[in-house]
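Residue numbers (the numbering used here), protein chains in the order written: chain A, 225 to 341; chain B, 61 to 840.
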Amino acid sequence: MELIIAIFIGLLFACGVYLILRRSIVKVILGIFVLSNATNLIIFLAGGIKSEAVAFIPDDAESLNPELINDPMAQVLILKAIVIGLGIAAYILALKYRYFEVTGTHDLDQLKNTDQK
Amino acid sequence: MANLLTVLIASLFLATLAIPVIYRLRTNGTGTFLALFPLLIFILLGYLLITLNPFEAGIGDSSIAILEGMELSLRVDGLSLIFGLLISGIGFLILLYSSFYMANQERQKSFYLYLMIFMGAMLALVFSNNLITLFIFWEITSVASFFLIGYNHHREKSRQAAFQALIITAVGGLALLFAVILTGNITGTYRISEIISEGIHLGNHSRYPLILSLVIIAAVTKSAQFPFHFWLPGAMQAPTPISAYLHSATMVNAGIFLLLRLYPLLGGTIMWKYSLLITGSITMFLGAFSSMGQKDLKRILAFTTISALGTMMLLIGIDTVNSIKAALVFFIVHGLYKGGLFMITGIIDKSTGTRDIYQLNNLTKSMPFTALFTFLAVISMAGLPPMLGFIGKELIYEATIQMPQLSWIIVPLGVGANIIMVAISITVFYELFIYQKKKITTKLLIKEKAFPTSFLVGPAILAFMGLLLGIAPEILENAISNSIYFIRGQSIKITLSLWHGFNEVLLLSILTIAGGVILFLLRKPANRFIAHILNLFDIYHLPSIFNNLVNTYLKVTSRNTERIQHGYHRFYLMTFFLVTIAITSLHLFKITDIPFSLQYFSPVKPHVLLLIIIASIAVLFAVFTKTRLSAILAMGLTGYSIGLIYLFYGAVDLAITQFLAETIIMVIFVMVIYYLPTFAVLSTRTSRIRDAIISIITGLFITLVILKAELIKPDYRVSDFFTENSYTLGEGKNIVNTILVDFRALDTLGEMFVITMAAAGVFSLFKFQIKRLKERKKDS
């Protein structure tokens, strides 16, 4: 399974890189989303996918054997990454919106220098 | 006493803080007020001069350590006293003079700021007892003089001159830094007093040639010696008070000071002598030669300064007690007459509006006092009795005649340069004050009587000082004896007198004056001849060579910058990806000791596999689709599939968050997308293929890295602690949540800040737009 997910991540990365190499800013933003998802998956995979158990301590127990669950730290990290990714997404989209309104273009090649026309 | 001097020098820097206040109170009295500070220093130094013992340092160590080995400490001996007196004395007069000269000009505040910093740095430089601080103040003088020369920065010439001066002196500064550090490493101390008292001399060290060359580069660039002399005539773009100050007592003389200061450490070797002799004599003659045939009074003076600096350099190179004595006396002579003459130039310029000596006509009647001061200054320059200039020139001749071996070439060169000096002195005075030109009538814009005393007092004091010291040179004897004691380590009681008796030196003086008069009479053909010679060398016009060099350098660098910083966002990314892959794969394929085997992996789950296939199709669709909405939907599908994968492996919190975040992103995207243009095909087919290849390589590479990482599993997990203690310490059954809000609560707080900042950013982006729209409405 790890092999398949690794290949899947590779595919996501390939698509993401292809998208952020575009000139159209909309595609670049899509690429950023794909890449952030792919990166989250890498961390997830690093936490291990051996177990299917939820990282909950049973009601009748005081602690859990760490062997039984996948690394919860990876999940914590991804949780933060997702939320921060959301913030970035909102900001980028707003920025893009303004950028298009001011410059009238969505071609990044038109954005080579800081001088205004 | 030492502390007092430190405080006074520091007060020059601190006084700059008061400039805005004084400027507001009394706009045109700023200079007069600031002049108090150098005056106090001058008085203190004067007291030190009187009490100076010929063979003892005036003030020993009083140091404030800044860093290890680098301290602010003062050294007062004859050498620094002579320089310090001239710097503070002329500085005082210059500030008085500037009060009127700069009146009603723009940016006076900056003018005084730069001038005070320059003065303070110059004084600190000469009194510095530490090579590192000496270097620092040396650089401050370079930077301050850059601002002073480029003060009229609206003129291109002025900017260019300032730039040249800065680049050339900064090169020297770097050389000095290098030399200082090398010296410190070899001697183990940066203290000048220790170097002198322990008699350290680097002459036999293997690094000596390097250190000496570096020091000479520093001195030669600062003191405008051939072939770096060209920045000095350019520097006359500065306001006249600044030229007066740069030429007479500061800046260019710092190079001379440096050589005298480091003489105990480096001086006296064959290499020292010859390098200084050669540069000195070339510069001396070249400067004098070029000054003939100039029309602009300031330019004439600038070239005579170059000649004078060459003379001092030469005298240091001759390297006898007499020559050092001559150099010191000549420094004083030159400072007095050159400062005076530059100030007089400013007076004439203010009064008549021109500095061209051939456009000025018989100024004696209209400007009697100026004429008197000019007369005293030029006879000092020409080296006539009873001025100090006469003593200076006699000493120079004495030193050159007594020089072993090379006197046959040095003496004629010196006499030649001096003949030109005499001729120039006569020419300047004659053209300005005596000769009645028929066609030209000089109109006076401001009469001499209308000038305030403070404007005329500078040249007056300097001219009369030249006279006073000529009549009573004994005043200087102690300081010069002291300098020579510390420079050459010889305790000789120096005596100075106006009259040396009839000897060959006097004969040479008479010869010089006669030659000067003859040259003056023949000045028209001589000027033509010199102009002809200078034209021949026009292809070697150094300022233009310098400019070309700088321009070529700028062109090459800007081309390189354009190549690297091309502004195409995608090429930056491409470079980034390819370089990262290249570097990491080197390491990736090095680790080969881990066997690859499928048994390490968990079994394939059909439902997850199905999800992955759906997500793969969706992401590929998102890449290739032509419509925006379907791309977003496909993206969302991929995101939800990933969320489900999280869920199947027990990460419930992740799955929930992923679903929510994905939904919000899609909603925002859809909201924004309708304001944006549709996808357009912007790239060419070839570039698409190239990008596809790069992305496939990147994807493959990532897969390989992940697999490699999967195979190297560490035995220990950081999170085991959290898993075991989640309930006992954190009182939480959901381990992931407990880590988030309890164990790592601060991280979560930071994350909230990030989100808040993003929200604030979005808000301001939209708010800005509203403002803009309002502005537009107002405009229309």
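The beta carbon of each residue, even a glycine, is placed where N, CA and C say it ideally should be.
Delimiting residues of the alpha helix (DSSP H) encompassing residue i
i	result
T798/B	795-798
L505/B	Unbroken run through L505/B: none, as it is neither H nor E.
P269/B	268-282
P324/B	312-326
E454/B	448-461
H261/B	Here H261/B belongs to no alpha helix (DSSP H), and DSSP marks it neither H nor E.
S335/B	330-351
E722/B	712-733
F257/A	249-270
G328/A	Premise fails: G328/A is in no alpha helix (DSSP H) and is neither H nor E.
N478/B	467-489
Y660/B	Looking at the DSSP string, Y660/B is not in any alpha helix (DSSP H), and its letter there is neither H nor E.
Y632/B	629-648
H626/B	From DSSP, H626/B is part of no alpha helix (DSSP H); its letter is neither H nor E.
L707/B	688-708
E286/A	Taken as a continuous stretch (DSSP letters only), E286/A belongs to no alpha helix (DSSP H), as it is neither H nor E.
M441/B	428-442
Coil, strand or helix - residue i by DSSP
i	result
F97/B	helix
R415/B	coil
V136/B	strand
F280/A	strand
Q340/A	In this prediction, Q340/A scores a pLDDT of 48, lower than 50, which makes its location untrustworthy; no coordinate-derived value is stated.
E131/B	strand
S71/B	helix
D356/B	strand
D295/A	coil
R86/B	coil
R57/B	With chain B running from 61 to 840 in the structure shown, residue 57/B is simply not present.
D333/A	helix
F826/B	helix
R251/B	strand
Q496/B	coil
E226/A	helix
Within 8 Å, strictly: CB atoms of residue i and residue j
i	j	result
G327/B	A278/B	no
A348/B	T364/B	yes
S856/B	F97/B	Missing from the structure shown is residue 856/B; chain B here goes from 61 to 840 and no further.
L145/B	N542/B	no
Y211/B	A314/B	no
V241/A	I754/B	yes
I142/B	I376/B	no
L191/B	Y250/B	yes
I554/B	I535/B	no
F171/B	M162/B	yes
Y315/A	V822/B	yes
L332/A	H629/B	yes
E491/B	S569/B	no
G518/B	Y174/B	no
V471/B	I461/B	yes
Cβ of residue i within 8 Å of any chain E Cβ
i	result
G821/B	In the structure shown, chain E cannot be found, because the protein chains are A and B.
Residue i beta carbon near the ligand MG (any heavy atom closer than 7 Å)
i	result
A318/A	For the ligand MG, the structure offers nothing, since it holds no ligand at all.
- prompt: Going along the chain, which unbroken runs of the alpha helix (DSSP H) with 4 or more residues stay wholly within the stretch 520-605 of chain B?
  reply: 534-548, 564-581, 583-596
- prompt: Taking a cut of 8 Å between CB atoms, which residues from the stretch 774-785 of chain B lie near chain A?
  reply: R777, V778, S779, D780, F782, T783, E784, N785
- prompt: Going along the chain, which residues of the stretch 294-312 of chain A sit with their C-beta nearer than 9 Å to a C-beta in chain B?
  reply: N294, D295, P296, M297, A298, Q299, V300, I302, L303, K304, I306, V307, I308, G309, L310, G311, I312
- prompt: For the stretch 799-811 of chain B, which residues have a CB atom closer than 8 Å to at least one CB atom of chain A, in sequence order?
  reply: I799, L800, R804, D807, T808, E811
task: Check distances from the C-beta atoms of the stretch 691-712 of chain B to those of chain A and list, in chain order, the residues that come in under 9 Å.
output: A691, I692, M695, T698, G699, I702, I705, Y706, F708, Y709, G710, A711, V712
message: So if I threshold CB-CB distances at 7 Å, which residues from the stretch 264-292 of chain B count as touching chain A?
response: none
- prompt: What are the start and end residues of each continuous alpha helix (DSSP H) run of 4 or more residues lying completely inside the stretch 147-229 of chain B, in chain order?
  reply: 168-187, 191-209
query: Taking any Cβ of chain A, which residues in the stretch 620-636 of chain B have a Cβ under 7 Å from it, in chain order?
result: G627, Y628, H629, R630, L633, M634
task: Return the residues of the stretch 713-730 of chain B that lie within a Cβ-Cβ distance of less than 7 Å from chain A, sorted by chain order.
output: D713, L714, T717, Q718, A721, I724, I725, I728, F729
- request: Anything in the stretch 668-690 of chain B with a Cβ closer than 8 Å to a Cβ of chain A? List those residues in chain order, please.
  value: V668, L669, I672, A675, S676, V679, L680, A682, V683, R688
- prompt: Which of the residues in the stretch 263-288 of chain A, read from start to end, lie with their CB under 7 Å from any CB of chain B?
  reply: L265, I266, F268, L269, A270, I273, K274, S275, E276, A277, V278, A279, F280, I281, E286, S287, L288
message: So within the stretch 757-821 of chain B, which uninterrupted alpha helix (DSSP H) runs reach at least 4 residues, ignoring any that extend past its ends?
response: 780-790, 795-798
message: Along the stretch 228-246 of chain A, where does the CB come closer than 9 Å to a CB of chain B? Name the residues.
response: I228, I229, A230, I231, F232, I233, G234, L235, L236, F237, A238, C239, G240, V241, Y242, L243, I244, L245, R246
- request: Below 8 Å between beta carbons is the criterion; list the residues of the stretch 314-329 of chain A that meet it against any residue of chain B, in chain order.
  value: A314, Y315, L317, A318, L319, K320, Y321, R322, F324, E325
task: Give the residues from the stretch 761-774 of chain B that approach chain A closer than 7 Å (Cβ to any Cβ), ordered along the chain.
output: I762, T763, I766, L767, A769, E770
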